[in-house]
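K.L.:
Handing you this structure, nothing more for now.
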Amino acid sequence: MPNPSFKLSDVADVRSGYTFRGALEHDPAGDIRVLQIKDLRQSSAIEPDTLTAVSWDARTSPPLLQSGDIAVIARGDNNKAALFTGQQPVVATSQFFIVSTKKQDVLPEYLCWLINLPQSQRSLERSGSAIQAISKASLLDMRIPLPPLATQQKLIALQALWDEEDELIARLQTNREQMLQGIYQHLVKD
Numbered sequence: 003m004p005n006p007s008f009k010l011s012d013v014a015d016v017r018s019g020y021t022f023r024g025a026l027e028h029d030p031a032g033d034i035r036v037l038q039i040k041d042l043r044q045s046s047a048i049e050p051d052t053l054t055a056v057s058w059d060a061r062t063s064p065p066l067l068q069s070g071d072i073a074v075i076a077r078g079d080n081n082k083a084a085l086f087t088g089q090q091p092v093v094a095t096s097q098f099f100i101v102s103t104k105k106q107d108v109l110p111e112y113l114c115w116l117i118n119l120p121q122s123q124r125s126l127e128r129s130g131s132a133i134q135a136i137s138k139a140s141l142l143d144m145r146i147p148l149p150p151l152a153t154q155q156k157l158i159a160l161q162a163l164w165d166e167e168d169e170l171i172a173r174l175q176t177n178r179e180q181m182l183q184g185i186y187q188h189l190v191k192d
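Written out as structure tokens, the structure is:
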């Protein structure tokens, strides 16, 4: 029996990130970290300690990411999604859509994994000539197959194993390259 399918809008809320006025400058004493596109281009995880810090001086309280929120890059060819699991105060810029699950039977990890799948990325309608962008409506209309929680957990675990294997392979390749460089240098000296 196939899993039921829903629009993203049925299982999650989507909001735009915060629009900062002017350039962001790092303030070592800043109380808020800011997530920008460049932070996810270099990593697939949201790492608050590496983000730009700013002092929040707006009249309203900052629209902080909550643990379990998913930041989806709204501009560019790759609309990568990353799950926020931290407790630090982080605000995403307007270059992101923030997805928050609203149903108990949808794991944020599963939703993030699903948004990152190539077929999901292809389903997002992009507009713009120089810099492509997805619309909030396109994201809200994305179809979400919803298997039981146990299946969602298995998919997440399988992806974690895949990621771990990729990391191990990369480390093995680096070790082999270093070993070969050492052999080459040794042979050249002889």
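Residue 3 is where the sequence shown starts when you use the working numbering, and the numbers rise one by one after that.
C-beta atoms are modelled at their ideal positions from N, C-alpha and C, and glycine is treated no differently.
Keep in mind it's a predicted model, so treat the numbers as computed, not measured.
1. Can you tell me where the beta strand (DSSP E) with VAL108 in it begins and where it stops?
2. If contact is defined by three or more beta carbon pairs under 8 Å, each pair taking one atom from either stretch, is the stretch 3-11 in contact with the stretch 23-33?
3. Please name the residue in ILE100, CYS114, LYS104, ALA55 whose C-alpha comes closest to that of GLN155.
4. For the beta strand (DSSP E) holding PRO150, just list the boundary residues, first then last.
5. One question on the structure: do ILE72 and PRO110 come within less than 8 Å of each other, judged by their Cβ atoms?
6. My understanding is that ASP15 touches SER102, with C-beta atoms under 8 Å, so please give their C-beta distance in whole angstroms.
7. What runs of the beta strand (DSSP E), each 3 residues or longer, lie entirely inside the stretch 74-142?
8. Would you identify the three-state DSSP class for THR34, choosing helix, strand or coil?
9. Where do the ends of the beta strand (DSSP E) carrying SER11 lie?
10. Per DSSP, THR54 forms a beta bridge with which residues?
11. Per the contact definition of three or more C-beta pairs closer than 8 Å, is the stretch 34-45 in contact with the stretch 82-100?
12. Please go through the same chain and pick out, in chain order, the residues whose beta-carbon is closer than 6 Å to the beta-carbon of GLN38, but skip the five residues on each side of it.
13. Please work out which residues of its chain come closer than 8 Å, Cβ to Cβ, to PRO149, disregarding the five sequence neighbours upstream and downstream, and give them in chain order.
14. Based on the DSSP output, what are the partners of ARG145 in its beta bridges?
15. Below 8 Å on the Cβ atoms is my contact criterion, and I expect PHE86 with SER18 to pass it. Report the Cβ-Cβ distance as a whole number of Å.
16. Round the Cβ separation of PRO120 and ILE34 to the nearest angstrom and send it over; I've been treating them as touching at under 8 Å.
17. For ILE75, collect the residues of the same chain with a Cβ closer than 8 Å to its Cβ; drop the 5 residues on either side in sequence, then sort them by chain order.
18. How would you call ASN118, buried or exposed, if buried means at least 16 neighbouring beta carbons within 10 angstroms?
P.N.:
On the basis of the supplied data:
1. Here residue 108 refers to the residue found at position 106 when the sequence shown is read from its first residue. No beta strand (DSSP E) contains VAL108, which DSSP labels as neither H nor E.
2. no
3. In the sequence shown, residue 155 corresponds to position 153, counting from 1. Closest by alpha carbon: CYS114.
4. Reading the sequence shown from its first residue, position 148 is the one you call residue 150. Element bounds for PRO150: n/a, residue is neither H nor E.
5. Start at 1 with the first residue of the sequence shown, and residue 72 comes out as number 70. Start at 1 with the first residue of the sequence shown, and residue 110 comes out as number 108. Yes, they are a contact pair.
6. Within the sequence shown, the letter at position 13 stands for residue 15. Within the sequence shown, the letter at position 100 stands for residue 102. Correct: roughly 5 Å between the Cβ atoms.
7. 83-85, 92-94, 98-103
8. Residue mapping note: residue 34 aligns to position 32 of the sequence shown, counting from 1. In the sequence under discussion, the amino acid at residue 34 is Ile, which differs from the Thr named in the question. Three-state DSSP puts ILE34 in a strand.
9. Sequence index remark: in the sequence shown, residue 11 carries index 9 (1-based). Counting along the chain, SER11 falls outside any beta strand (DSSP E), though it belongs to the alpha helix (DSSP H) covering 10-13.
10. By 1-based counting over the sequence shown, the position of residue 54 is 52. According to DSSP, THR54 bridges with VAL36.
11. yes
12. Here the question's residue 38 lines up with position 36 in the sequence shown. Correct list, in chain order: THR95.
13. Taking the first residue of the sequence shown as position 1, residue 149 is located at position 147. Around PRO149: ASN5, LEU157.
14. For this step, residue 145 is matched to residue 143 along the sequence shown. Paired residue(s): LYS9.
15. Taking the sequence shown and counting its residues from 1, one reaches residue 86 at position 84. Taking the sequence shown and counting its residues from 1, one reaches residue 18 at position 16. Not confirmed; about 16 Å, so no contact.
16. On the sequence shown, residue 120 is found 118 positions in, with the first residue counted as 1. On the sequence shown, residue 34 is found 32 positions in, with the first residue counted as 1. Going by Cβ atoms, the distance from PRO120 to ILE34 rounds to 34 Å, so no, they are not a contact pair.
17. Here residue 75 corresponds to residue number 73 of the sequence shown, with the count starting at 1. Cβ within range, chain order: ILE39, LEU42, ASN81, LYS82, ALA83, GLN97, PHE98.
18. Within the sequence shown, the letter at position 116 stands for residue 118. The residue in question, ASN118, is buried, as its Cβ has 16 or more Cβ neighbours within 10 Å.
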